[in-house]
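Residue numbers (numbering that gives the first Met the number 0), protein chains in the order written: chain A, 0 to 225; chain B, 0 to 225; chain C, 0 to 225; chain D, 0 to 225; chain E, 0 to 225; chain F, 0 to 225.
Cβ atoms here follow ideal geometry from the backbone N, Cα and C, with glycine treated the same way.
All of these numbers come straight from a predicted model, not from anything done at the bench.
First the structure, in the form of structure tokens, and then the observations on it.
6 protein chains.
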Amino acid sequence: MKILIINPNSDEEMTKVIERNARNFAKGEYEVDCITNETAPAFVTTYNDIAETMPGLKKIIEEKEKYYDAFVIACHSDPNLDLLKELCDKPVVGVGEASLKIASMLGHKFSIIMASDKGIPNKELLVRKYGLISSLASFAVANNGEGFNWQDQDNLILAAKKAIDEDMSEVIVLGCAGMGHVAGRMQEILHVPVLDGVTCALIIAVGLVKAGLSTSKVRRFKSLSK
Amino acid sequence: MKILIINPNSDEEMTKVIERNARNFAKGEYEVDCITNETAPAFVTTYNDIAETMPGLKKIIEEKEKYYDAFVIACHSDPNLDLLKELCDKPVVGVGEASLKIASMLGHKFSIIMASDKGIPNKELLVRKYGLISSLASFAVANNGEGFNWQDQDNLILAAKKAIDEDMSEVIVLGCAGMGHVAGRMQEILHVPVLDGVTCALIIAVGLVKAGLSTSKVRRFKSLSK
Amino acid sequence: MKILIINPNSDEEMTKVIERNARNFAKGEYEVDCITNETAPAFVTTYNDIAETMPGLKKIIEEKEKYYDAFVIACHSDPNLDLLKELCDKPVVGVGEASLKIASMLGHKFSIIMASDKGIPNKELLVRKYGLISSLASFAVANNGEGFNWQDQDNLILAAKKAIDEDMSEVIVLGCAGMGHVAGRMQEILHVPVLDGVTCALIIAVGLVKAGLSTSKVRRFKSLSK
Amino acid sequence: MKILIINPNSDEEMTKVIERNARNFAKGEYEVDCITNETAPAFVTTYNDIAETMPGLKKIIEEKEKYYDAFVIACHSDPNLDLLKELCDKPVVGVGEASLKIASMLGHKFSIIMASDKGIPNKELLVRKYGLISSLASFAVANNGEGFNWQDQDNLILAAKKAIDEDMSEVIVLGCAGMGHVAGRMQEILHVPVLDGVTCALIIAVGLVKAGLSTSKVRRFKSLSK
Amino acid sequence: MKILIINPNSDEEMTKVIERNARNFAKGEYEVDCITNETAPAFVTTYNDIAETMPGLKKIIEEKEKYYDAFVIACHSDPNLDLLKELCDKPVVGVGEASLKIASMLGHKFSIIMASDKGIPNKELLVRKYGLISSLASFAVANNGEGFNWQDQDNLILAAKKAIDEDMSEVIVLGCAGMGHVAGRMQEILHVPVLDGVTCALIIAVGLVKAGLSTSKVRRFKSLSK
Amino acid sequence: MKILIINPNSDEEMTKVIERNARNFAKGEYEVDCITNETAPAFVTTYNDIAETMPGLKKIIEEKEKYYDAFVIACHSDPNLDLLKELCDKPVVGVGEASLKIASMLGHKFSIIMASDKGIPNKELLVRKYGLISSLASFAVANNGEGFNWQDQDNLILAAKKAIDEDMSEVIVLGCAGMGHVAGRMQEILHVPVLDGVTCALIIAVGLVKAGLSTSKVRRFKSLSK
């Protein structure tokens with residue numbers, strides 16, 4: 000089995016981190032490659048960023064569909080996910096959707112760690128679209144300053160701890176792809192499940208391939224151009 | 000005041016119809032132009048169609064922002080509306096959003112006339128996103144056949160009548176832009192309000208300009224690239 | 000075109016302010032008159048106040064229906080709005096409904112400026128009735144003391160600022176009619192849209208008249224006495 | 000203990016039926032009187048009817064508050080119930096609210112028997128306001144014709160049976176006050192609970208008096224005129 | 000009429016308190032007995048506690064069904080209530096369901112007094128199941144420490160007062176059965192309705208018996224083993 | 000890795016079918032055993048059936064926790080799932096929850112194939128509890144007669160086809176565990192994803208083990224007895 004993880008942004012470093020984490024998780028049971036969306040911006044924050052990921056994502060899916068068994072879209076805002084599910088006959092799994100739905104099975108409410116409050120409205124719309132608004136404890140903004148750094152684990156842990164203690168959160172979801180190496184340590188410190196989206200999406204993607212399942216093509220995701 | 004109506008698809012004929020209807024509605028009190036999104040497909044049905052409207056819509060907004068006071072996106076599925084609100088400092092009004100919100104002020108429940116059932120899931124997500132799901136009586140599919148034609152008024156009227164009689168609908172929303180000329184006649188026959196989206200969007204757009212209102216740029220629609 | 004704005008309370012001063020603001024907004028493009036509901040109390044806060052506005056509102060609508068093209072009910076709690084929509088064949092627009100629905104088009108969430116917390120429960124029911132509860136950021140109570148004064152702009156601005164910064168609000172709705180002159184200055188200071196209900200209701204009312212639209216009379220608002 | 004049942008309409012015959020049913024139910028354990036709202040219309044269907052019940056309901060509550068321990072508003076659309084709860088320090092129980100909330104304890108979903116479809120939109124708003132929309136199986140319209148007659152039990156039973164068999168209803172709520180004598184026979188035939196609103200409201204009203212409970216006066220129902 | 004109150008836990012002292020309160024409330028108009036669920040744990044907090052109440056509750060209902068007219072399950076988390084409604088042909092009323100539904104008739108929002116935050120998630124699910132989430136102001140945790148004591152009235156009153164002042168609560172629901180003697184004093188101090196669940200359940204249970212109503216056996220609560 | 004699938008009912012035949020399907024799916028990559036809940040009834044339909052599965056499920060979890068890495072509860076009504084998540088420190092996955100959440104990722108709406116309408120109310124509560132009510136197209140009752148047989152594939156296919164064509168369903172969920180062998184053939188005929196719950200639960204369970212994730216023990220599922 001071969002899974003392609005698509006990093007919707009153009010940050011090559013992040014692609015490498017995601018690929019390494021994913022291969023660690025896969026343990027050689029299936030092949031995993033991670034590809035950068037070179038024509039996209041380096042970060043995905045705004046609607047414009049989401050729009051700019053589109054041409055590259057579409058191109059990658061179209062070119063790679065026949066070489067892989069399933070695809071993971073490795074950005075927690077699930078950019079263009081509906082489009083990619085429509086374009087592709089094989090499973091396409093969003094990091095946001097997979098992690099939020101698995102989070103809702105592990106505890107009463109989850110909090111999503113965010114890099115800034117700019118992304119909260121759109122993330123809330125996503126949670127609502129997935130039917131999980133009553134499972135949302137809070138958005139835990141790790142840092143509002145410009146110099147925020149996803150590598151700054153102390154800040155992440157502080158924000159998560161506050162969510163657990165004050166917002167009644169029981170599960171932490173990392174609101175950015177490619178943090179798989181951090182999740183483990185955070186979980187040890189916080190004593191609650193800490194979910195990395197790419198891991199969650201791999202669980203679903205690999206499972207769907209094994210089960211012979213894919214996106215329904217009967218109506219919403221039916222492609223008229225194929 | 001100058002309003003630019005953007006037809007997200009590339010159907011020049013529809014652009015002309017929309018422009019004529021809009022100018023009839025404007026009665027010379029403000030200028031209205033209608034522009035075709037030339038790089039887009041001729042119809043907007045699938046997520047891929049929506050994606051293909053994006054580059055052209057973005058380009059038009061960016062080029063025309065300084066020449067017009069407000070913009071109307073003339074497709075009832077509000078393609079890329081969040082993006083365009085973010086990109087533009089002036090009011091951008093979607094035909095879907097405007098017509099559904101006005102419809103909810105005129106009666107208990109509305110039905111949306113649809114050309115086929117392919118578009119229902121995405122339209123339902125839109126209604127839900129706008130908070131209006133409890134005001135939705137039904138989707139009235141005018142025709143499922145390939146040969147459907149928005150000019151076929153008898154079919155539209157039949158579908159609308161069924162919605163009023165059987166689905167408890169009180170207001171009819173035309174689920175496609177550029178039908179302003181039909182709304183009047185349908186209303187006479189059906190004795191309930193029949194809403195053309197472009198007309199509704201013009202009401203809001205012109206009103207916002209006069210009131211000095213536009214999209215809030217404080218968080219969700221804040222553009223980081225400007 | 001002639002629009003009648005009905006001030007549901009008996010405060011003549013407020014009527015004059017509303018009329019002046021409305022005429023400024025209309026810029027002579029249509030006629031606007033504002034009438035006081037003389038048999039009502041001076042403020043509308045309680046359910047009893049709402050009840051006491053009823054006989055006068057009904058009388059005004061019945062007497063004036065033939066002389067005007069549309070009616071605006073200029074109190075943000077939309078007192079007796081369902082009744083007036085039923086009684087009248089011409090458009091009747093509530094200041095609350097119009098401002099909340101337009102607010103939801105301009106940003107992710109809105110806050111409503113309130114004079115006291117007594118009115119919050121009923122306002123929440125209104126927001127819920129209009130399907131907009133997920134667009135509500137907060138009720139921003141400008142002042143709980145007895146000496147509250149809608150002219151006290153500093154207090155309004157402070158309450159609005161807190162809503163934007165702490166409650167994630169993106170749009171401010173003035174929860175009282177007749178503040179049109181304040182909205183502009185607040186908007187300049189706050190850098191988010193500040194909505195005056197009467198302005199919003201005029202946008203809708205004028206638009207409906209131009210489009211030949213009015214309340215559906217097919218079921219919910221069908222009058223059996225006409 | 001003395002309970003006053005207020006018939007919001009002016010139909011003396013209905014008042015007598017309600018009083019007789021209520022006294023049969025009370026079995027002399029407490030006193031029950033039923034009073035007619037003489038200035039109201041004979042039926043309560045439209046928003047105008049509801050408005051016309053207001054002055055009389057208010058007058059009755061104000062005059063009788065000191066002589067009775069609790070009040071039942073005997074019309075299933077709960078006309079002016081919020082107002083009466085605000086005006087009165089003693090318990091005021093609506094026939095609609097009491098019957099719907101009790102119905103939701105007795106089965107998965109209930110259907111409401113209606114005399115015509117004109118009242119469905121407003122009844123739906125009521126069910127929604129009471130938080131019970133997910134417990135609503137259907138509105139069972141007993142008869143749409145003009146000659147409908149609540150005495151026509153066969154028609155009621157037919158409509159209820161259809162609701163149970165086709166709409167998955169498990170409990171029947173009679174959508175009109177004063178049918179207490181019919182509920183028993185319907186229940187025998189249908190083998191599901193059939194709820195008479197006045198009976199349900201008496202259960203709540205008598206219970207509240209015994210428990211020393213009444214409407215909270217802290218905010219929503221606080222009267223500023225007392 | 001004979002009502003059996005079942006204390007789902009094995010705390011004999013609580014059973015005695017509940018029985019005494021209930022008989023005080025009944026004033027001899029009907030018989031009330033209270034029985035202890037001897038095989039259950041002394042407190043009901045966890046899902047395991049709820050499970051351990053099950054065999055005893057089932058046995059009591061099966062043995063006592065023929066001797067009593069209705070049953071009250073005297074624990075505010077309504078343990079196994081659906082099961083007991085299914086098993087029994089006579090009315091079975093949960094203290095949680097009855098108190099929350101009556102609370103929603105007496106004010107805009109209620110707060111539930113809780114002994115610890117461990118029980119909040121499950122209580123929230125209950126409120127949601129009963130359709131009352133929009134009537135929930137807050138969970139007011141009286142004490143998180145191990146030494147919490149329901150007899151510690153000062154703590155209860157403090158928690159309730161905070162809920163009224165800060166969470167916009169208008170009605171207080173005691174989240175534990177057998178506090179009937181406290182409710183009265185709290186109500187005097189707080190000036191809002193304070194609801195004891197057993198009292199509320201008795202109101203409903205006695206009323207259902209008098210009205211000849213019981214659980215619908217048509218589908219959800221149909222017992223296949225009888 | 001070792002997964003234990005627990006068949007909550009006492010039907011040994013079904014246990015064998017489930018085990019065979021599961022091992023086929025596992026392909027030897029991990030060990031799967033399936034155990035029968037011997038003290039339970041042969042079918043799980045009523046609340047009483049669910050209660051009777053409890054002691055055995057609890058005993059199995061307690062005895063087997065140390066020998067397995069994760070547990071699957073193989074009944075589509077997720078009997079006692081909250082309890083088992085609380086009791087066990089290792090992942091416990093319900094067949095209902097896993098299949099419904101995965102279904103919601105594969106299409107707009109799903110239908111659940113049911114053996115009779117008796118189980119619909121409780122299944123609806125489950126869907127609502129999981130936040131997926133807006134993804135539910137319909138319950139497709141395959142057969143209401145007594146002689147229903149899950150082996151009767153023609154009936155299943157007919158019911159599913161009707162759901163796709165008439166209820167706008169896009170994904171089929173088999174509402175009973177142990178049908179893994181049928182899903183494949185149904186999918187071929189229906190051309191939409193057909194989900195077997197056990198397969199879905201295995202996907203999640205195996206994934207959680209690999210990712211080092213399990214139920215959050217911070218509040219809702221915290222066991223006080225361990």
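Check                                                                                                                     : Outcome
Min CB distance Leu56(E) to chain D below 9 Å                                                                             : no
Spatial distance of Glu187(C) from Leu82(D) (CA atoms)                                                                    : 40 Å
Boundaries (first-last residue) of the alpha helix (DSSP H) holding Asp77(E)                                              : Taken as a continuous stretch (DSSP letters only), Asp77(E) belongs to no alpha helix (DSSP H), as it is neither H nor E.
Between the CA atoms of Asp166(A) and Ile72(A) - distance to the nearest angstrom                                         : 29 Å
Within chain D, partners of Ile119(F) - CB distance below 8 Å                                                             : Met167
Residues, ordered as in the chain, of the region 39-53 of chain C that lie near chain B by beta-carbon distance below 8 Å : none
Contact residues within the region 192-203 of chain B, judged by C-beta distance below 9 Å to chain C                     : Pro192, Val193, Leu194, Asp195, Thr198, Cys199, Leu201, Ile202 and Ile203
DSSP bridge partner residues for Phe109(F) (one or two, in chain order)                                                   : Leu135(F) and Val170(F)
Contact between the region 197-217 of chain E and the region 1-12 of chain E (3+ Cβ pairs under 8 Å)                      : yes
Range covered by the beta strand (DSSP E) that runs through Cys33(E)                                                      : Glu30 to Thr35
Contacts that Ser133(E) makes with chain C (C-beta to C-beta distance below 9 Å)                                          : Glu123, Arg127 and Ile132
is_contact[Glu64(A), chain F] using C-beta, thresh 9 Å                                                                    : no
Assigned secondary structure, Leu194(B) (DSSP; H/G/I helix, E/B strand, else coil)                                        : strand
Three-way DSSP call (helix, strand, coil) for Asn6(F) in this model                                                       : strand
is_contact[Asn79(A), chain B] using C-beta, thresh 9 Å                                                                    : yes
Reference Ala50(E), options Ala182(E), Cys33(E), Asn8(E) and Lys65(E), closest by Cα                                      : Asn8(E)
Interface flag, Asp116(B) vs chain F, CB-CB below 9 Å                                                                     : yes
Between the CA atoms of Asn47(D) and Leu223(D) - distance to the nearest angstrom                                         : 26 Å
Span separating the alpha-carbon of Val197(F) from that of Glu30(F)                                                       : 15 Å
Cβ shell of Val16(B) (< 7 Å), same chain only, five flanking positions each side left out                                 : Gly177
Closer than 9 Å to chain F by CB, Asp100(A)                                                                               : One point to set straight first is that residue 100(A) is Lys, not Asp, in the sequence displayed. With 9 Å as the cut-off, Lys100(A) counts as an interface residue toward chain F.
Residue-level contact to chain D via CB, His190(B), 9 Å cutoff                                                            : no
Residues bridged to Ala97(F) (per DSSP)                                                                                   : DSSP lists no partner for Ala97(F).
Contact check, Ile101(E) vs Ala159(E), beta carbons under 9 Å                                                             : no
Closer than 9 Å to chain F by CB, Lys216(E)                                                                               : no
Contacting residues, own chain, Cβ-Cβ under 7 Å from Asn143(C) (five flanking each side not counted)                      : Its pLDDT being 49, under 50, Asn143(C) is placed unreliably by the model, and the measurement read from it follows with that caveat. Within the same chain, Asn143(C) has close Cβ partners Ser115 and Asp116.
Closer than 7 Å at the beta carbon, the chain E residues around Ser9(F)                                                   : Result: empty, since nearest Cβ-Cβ is about 15 Å, beyond 7 Å.
Length of the line joining the Cα atoms of Glu64(E) and Thr52(E)                                                          : 18 Å
Which listed residue (Glu96(E), Met104(E), Pro54(E) and Ser168(E)) has its alpha carbon closest to that of Leu86(E)       : Pro54(E)
Cβ of Ser224(A) within 9 Å of any chain B Cβ                                                                              : yes
Own chain, CB closer than 7 Å to Leu124(D), minus 5 neighbours either side, in chain order                                : none
Neighbour flag for Arg19(B) against chain C, beta carbons, 9 Å                                                            : no
Proximity winner among Val205(B), Val217(B) and Lys216(B), relative to Ala69(B) (alpha-carbon distances)                  : Val205(B)
Test: Glu28(A) CB closer than 9 Å to a CB of chain F                                                                      : yes
Cβ shell of Glu11(D) (< 8 Å), same chain only, five flanking positions each side left out                                 : Thr35
Cutoff 8 Å; reference Leu189(D); Cβ partners in own chain excluding five residues on either side                          : Ile156, Ala159, Lys160, Ile163 and Ile171
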